[in-house]
Amino acid sequence: MDNNPSILSHVSIGTNDFERAIAFYDAVLPTLGCKRFMEHPGAIAYGKQYPEFWVGTPFDGQPATVGNGTHIGFIAPTKEAVHAFYEAALAAGGSIRWCPRWQTRLS
Numbered sequence: 077m078d079n080n081p082s083i084l085s086h087v088s089i090g091t092n093d094f095e096r097a098i099a100f101y102d103a104v105l106p107t108l109g110c111k112r113f114m115e116h117p118g119a120i121a122y123g124k125q126y127p128e129f130w131v132g133t134p135f136d137g138q139p140a141t142v143g144n145g146t147h148i149g150f151i152a153p154t155k156e157a158v159h160a161f162y163e164a165a166l167a168a169g170g171s172i173r174w175c176p177r178w179q180t181r182l183s
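Given below as structure tokens:
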């Protein structure tokens with residue numbers, strides 16, 4: 077993985093409604109070329125070449141809670157992919173907080 081430009085191995089987010097969360101990410105992540113990579117009881121990993129985005133129920137059995145200040149940005153190859161992800165997210169039950177925008181790089 078020496079060619080990987082990312083500094084992260086993976087990101088995990090918790091959910092209290094596993095089936096709904098998986099239905100949402102199954103709908104939106106393919107718009108970015110991602111697929112399911114691994115499945116474990118209560119957890120599924122998505123990615124392009126390796127499992128880098130995990131969705132699951134918390135390991136400690138406690139309810140998942142909102143991480144104040146948590147932000148996850150997905151890389152989209154084109155403006156069209158940004159809008160396809162946005163439309164898929166709305167169709168899968170997502171809500172609008174900000175309209176989609178294209179950023180060439182965050183610095």
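The opening position of the sequence shown corresponds to residue 77 in the working numbering, with each subsequent residue numbered one higher. In this text, a Cβ means the ideal position worked out from N, Cα and C, and glycines have one as well.
Out of curiosity, what's the CA-to-CA distance linking Pro176 and Gly149?
12 Å
Assign Thr107 to one of two classes, buried (16 or more other C-beta atoms within 10 Å of its C-beta) or exposed (fewer than that).
buried
Could you spell out the range, first to last residue, of the beta strand (DSSP E) harbouring Phe129?
129-132
Any idea if Thr91 is buried or exposed, counting beta-carbon neighbours within 10 angstroms, 16 or more meaning buried?
Thr91 is buried by the Cβ-count criterion.
With distances taken from CA atoms, which of Glu128, Arg173, Ala168 is nearest Val104?
Ala168
Return the chain-ordered list of same chain residues with a C-beta closer than 7 Å to the C-beta of Ala157, the five sequence neighbours on each side being excluded.
Thr107, Leu108
Under the rule that 16 or more other beta-carbon atoms within 10 Å means buried, what is Tyr162, buried or exposed?
Buried, since its Cβ has 16 or more Cβ neighbours within 10 Å.
Using a Cβ-Cβ cutoff of less than 7 Å, which residues in the same chain neighbour Tyr126 once the five nearest sequence positions on both sides are dropped?
Phe113
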